[in-house]
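Colleague:
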Amino acid sequence: MTSPVRVRFAPSPTGYLHVGGARTALFNYLVARQSGGTYILRLEDTDTERNTDASVRTIYEGLRWIGLDPDEGPEQGGPKGPYRQSERDALYRSLADELLSRGGVYPCFCTKEHLSAMRERQIAARVTQRYDRTCRAIPRDAALARVKAGEPYTLRLNVPEGETLLPDLIRGDVLVKNEDIEDIILVRTGGAVVYNLAVVFDDHHMGVTHVIRGEDHLTNTFKQLCIYDAMGWERPKFAHLPLILAPAGEGKLSKRKHPEAALEWYQKKGYPPEALLNWICLLGWSYDDKTEIMTRDEMIARFSIERIVKSGARLNLEKLDWMSGDYIRRMPLERVVAEITPYLVEAGLVSASPNADEIEKIRAVAAAEQGRLRCWSQIVELAGWVFAKDVAFEAKAEANLTKRPDSADILRAYAAGLAGQSFDDPKVLESWARAWAGERGLGFGDIVHPIRAALTGRAQGPGLFDVHRILGRAACVARLEAAAAKIGG
RNA sequence: GCCCCUGUCGUCUAGUCCGGUCCAGGACGCCAGGUUCUCAUCCUGGAAACACGGGUUCGAAUCCCGUCAGGGGUACCA
């Protein structure tokens, strides 16, 4: 309330954009929007070994897809840039010098070999694994002299005595004894800074007021707090989000085992981004005991960090399907048409630039299947029968076809009867069909099932007379006769 | 091992701060019934939870302690 809110989403570009990352971005965005603040994207790419450009692109594209483009970031720039840590090294180095002169860090001359040997000894002795602070004991002047002499060194956090309190917006007060905070390396041999130092420098220099990130950073926070204190900087507020767990079984959501961990997976399946966002929003947060469906503006108006849940959330894909289906059902037909077309094209069911005839058919299919779709890609399996040259029969449909011994005769007679009928209005067609069945002493159900099977190869689908209209007279007659021939007689 | 976080129906959650109105509410999923030419939708009903053990109290899902379980961290990764 005092200073304008500035929040940031700070992923490291080492893989795909994780759903959990998307949620973190959303929560940050929501906090910014509801207070007229600024939402920043910063790429945490200080680990040059693991970063890839492809990953940077998936982050941009993923955020764009769900409508969470940042106000300031690598692509859009801003007053506090650059927004990639790899481009901020000069700042880091001068700040690291200052940290050293303030005594916030001390030079360490231990070699990697020495360190890993120490670690192994600690593991063997079943004792806490932590740097033993050997170099902390070196007198400051002596250490500085060795640095000046060119001896390789790293800079380690000089953790003070006492304890550190983190007033977390979600978790409440978390208190840690400083002896449990390790003197971690903040500056590598050669002068490159490490994540824990870069975040603090950046968050401070970018004017970040609220650090909202995953709980996996909770322990890091104590080290970062020490740095804020050593620099004499005001600390931002922290909120650590619960983690997202795998949908079934144990463990967290890992990209290797769970494809649904990647945001891209949802995009490929064709979930509407607004539905996905609504679902993600409810992962670890709720407005009250009833609200489920929310527009983006409602989320902005209602969101509050205080109502974020503390415990980890498991992914519930069935709920996403339900929610997505609900969104799709309420969409205007034109949107459905536009969304399903690329999937039909990709499946080779319609041509890349559909002709008038195909467009007409796509519209009819969209209208007929809208109520059944949970994501756009489902259109292919749901409506494949419309575009297929030959009808492929499901087992159940085949059974419906041959339930009566005189099925073939019925289908042929029905096909013949169709000749004089108008296909424009399904209702008119239906009343004709009912009468037609009645005249032959057949129940409506006796003809509906075999006809559906003959026309679509399926046992379920849109209303039978919508099916008629979608297919058109010629295709209906052809399919009825083909089915009759297939079952013989 | 050590440090930290968490623990309400299968899942997401409301309720927990300010003990009684909670023999615990909603949603998804599931089961049954209804509507319908099938499926989907829609409507009605149902099964389903306060991790466990001790306290405190007239009274605890709510407060305290312990146990157990799950998760995170423990790198010259982020």
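The numbering used here runs 1 ahead of the 1-based position in the first sequence. The C-beta atom is built at its ideal place from N, Cα and C for all residues, glycine as well.
#1: Would the region 316-328 count as touching the region 272-290 if we require 3 or more Cβ pairs under 8 Å?
#2: Let me check understanding here. Comparing Cα to Cα, which of Ala416, Phe28, Gly105 and Leu156 lies closest to valine 212?
#3: Which whole-angstrom value is the C-beta distance of methionine 300 and isoleucine 41, which I expect to be below 8 Å?
#4: What's the call for glycine 22, buried or exposed, on a 16-neighbour Cβ count within 10 Å?
#5: So what's tryptophan 234 in DSSP terms, helix, strand or just coil?
#6: What does the alpha-carbon distance come out to for the pair glutamate 265 and glutamate 359?
#7: Using only alpha-carbon positions, find the residue among Ala484, Ile448, Gly38 and Ala398 that is nearest to serine 4.
#8: List the endpoints of the continuous beta strand (DSSP E) containing proline 108.
#9: Terminal residues of the continuous beta strand (DSSP E) containing valine 8?
#10: Might you give, ordered along the chain, the residues of its own chain that have their beta carbon closer than 7 Å to the beta carbon of glutamine 422, omitting 5 neighbours on each side?
#11: Using beta-carbon positions only, say whether glutamate 45 and glutamine 86 come within less than 9 Å of one another.
#12: Which of the three DSSP states, helix, strand or coil, is assigned to valine 20?
#13: Does DSSP put isoleucine 329 in a helix, a strand or coil?
#14: Return the bridge partner residues of alanine 263 from the DSSP annotation.
#15: Counting along the chain, where does the beta strand (DSSP E) carrying proline 168 start and finish?
#16: Alpha carbon to alpha carbon, how far is valine 478 from alanine 416? Give it in angstroms, no decimals.
#17: Output the residue ranges of the alpha helix (DSSP H) runs that lie fully inside the region 380-411 and measure 4 residues or longer, sorted by chain position.
#18: Which two residues bound the contiguous beta strand (DSSP E) that contains lysine 178?
#19: Can you tell me the Cα-Cα spacing of phenylalanine 10 and aspartate 142, whole angstroms?
#20: With C-beta atoms as the reference, is alanine 368 less than 9 Å away from valine 337?
#21: Is the region 395-415 touching the region 451-468 in the sense that three or more CB pairs, one from each, lie closer than 8 Å?
#22: Do the region 233-248 and the region 310-320 touch if we need at least three Cβ pairs shorter than 8 Å?
#23: What is the rounded straight-line gap between the Cα of aspartate 204 and the Cα of threonine 155?
#24: Where serine 255 and glutamate 261 are concerned, what is the direct C-alpha to C-alpha distance, given to the nearest angstrom?
#25: Among Lys311, Thr296 and Gln268, which has the Cα closest to the Cα of tryptophan 286?
#26: By alpha-carbon positions, which one of Pro71, Val57 and Leu283 ends up nearest to tyrosine 30?
#27: Going by C-alpha distance, which of Phe202, Ile60, Ala438 and Lys81 is nearest isoleucine 411?
#28: Using DSSP with H/G/I as helix, E/B as strand and the rest coil, what is alanine 368?
#29: Could you tell me the alpha carbon to alpha carbon distance between proline 75 and threonine 25, rounded to whole angstroms?
#30: If isoleucine 185 sits next to arginine 157, beta carbons under 8 Å apart, how far is it from one beta carbon to the other, in whole angstroms?
#31: Restricting to Cα atoms, I'd like to know which of Arg375, Ile67 and Asp391 is closest to leucine 456.
#32: Taking 8 Å as the cut-off, is the C-beta of alanine 150 nearer than that to any heavy atom in the ligand HEM?
#33: Between the C-alpha atoms of glycine 192 and glutamate 347, what's the straight-line distance to the nearest angstrom?
#34: Can you grab the Cα-Cα spacing for the pair glutamine 130 / alanine 150, in whole Å?
#35: In terms of residue numbering, what span does the alpha helix (DSSP H) encompassing isoleucine 301 cover?
#36: Using the beta-carbon count (16 or more within 10 Å), is leucine 96 buried or exposed?
Modeller: By the coordinates alone:
#1: Touching, per the Cβ criterion.
#2: It is Phe28.
#3: A Cβ-Cβ separation of about 19 Å leaves methionine 300 out of contact with isoleucine 41 under the 8 Å criterion.
#4: Buried is the call here.
#5: DSSP, read as helix, strand or coil, puts tryptophan 234 in coil.
#6: Their Cα atoms are separated by approximately 29 Å.
#7: Measuring from the Cα of serine 4, the nearest candidate turns out to be Gly38.
#8: Counting along the chain, the unbroken beta strand (DSSP E) around proline 108 starts and ends at 106-109.
#9: Valine 8 -> beta strand (DSSP E) spans 7-10.
#10: Non-local beta-carbon contacts of glutamine 422 in its own chain, meaning distances under 7 Å to residues more than five positions away in sequence, involve Leu430 and Trp433 in chain order.
#11: Going by C-beta atoms, glutamate 45 is nearer than 9 Å to glutamine 86.
#12: The answer is helix: DSSP assigns valine 20 an H, G or I state.
#13: DSSP places isoleucine 329 in helix when its eight states are reduced to three.
#14: Looking at the DSSP assignment, alanine 263 forms a beta bridge with His19.
#15: Boundaries of the beta strand (DSSP E) around proline 168: 164-169.
#16: Using only the alpha carbons, I get a separation of about 5 Å.
#17: If we require 4 residues or more, the alpha helix (DSSP H) runs fully inside the region 380-411 come out as 380-388 and 396-402.
#18: That run of the beta strand (DSSP E) goes 173-178.
#19: A straight-line Cα-Cα distance of about 40 Å links phenylalanine 10 and aspartate 142.
#20: Yes, Cβ-Cβ distance for alanine 368 and valine 337 is below 9 Å.
#21: Yes, they touch.
#22: Judged by Cβ distances under 8 Å, the region 233-248 makes contact with the region 310-320, as three or more pairs qualify.
#23: Distance between the alpha carbons of aspartate 204 and threonine 155 is about 23 Å.
#24: So the two alpha carbons sit approximately 9 Å from each other.
#25: Shortest Cα-Cα distance from tryptophan 286 to any of Lys311, Thr296 and Gln268 involves Lys311.
#26: If you compare the alpha carbons of Pro71, Val57 and Leu283 with that of tyrosine 30, the shortest gap goes to Pro71.
#27: The candidate whose alpha carbon is nearest that of isoleucine 411 is Ala438.
#28: In this structure, alanine 368 counts as helix in the three-state DSSP scheme.
#29: Going from the Cα of proline 75 to the Cα of threonine 25 covers about 18 Å.
#30: Between isoleucine 185 and arginine 157 a beta carbon distance of about 7 Å is seen, short of the 8 Å cut, so the two are scored as contacting.
#31: Restricting attention to Arg375, Ile67 and Asp391, the CA atom closest to the CA of leucine 456 is found in Asp391.
#32: Judged by which ligands are present, the structure shown has none, so any question about the ligand HEM falls away.
#33: Distance between the alpha carbons of glycine 192 and glutamate 347: 51 Å.
#34: Looking at the two C-alpha atoms, the distance is approximately 31 Å.
#35: Under the DSSP assignment, isoleucine 301 falls in the alpha helix (DSSP H) whose first and last residues are 297-303.
#36: Classification of leucine 96: buried, given that the 10 Å Cβ count is 16 or more.
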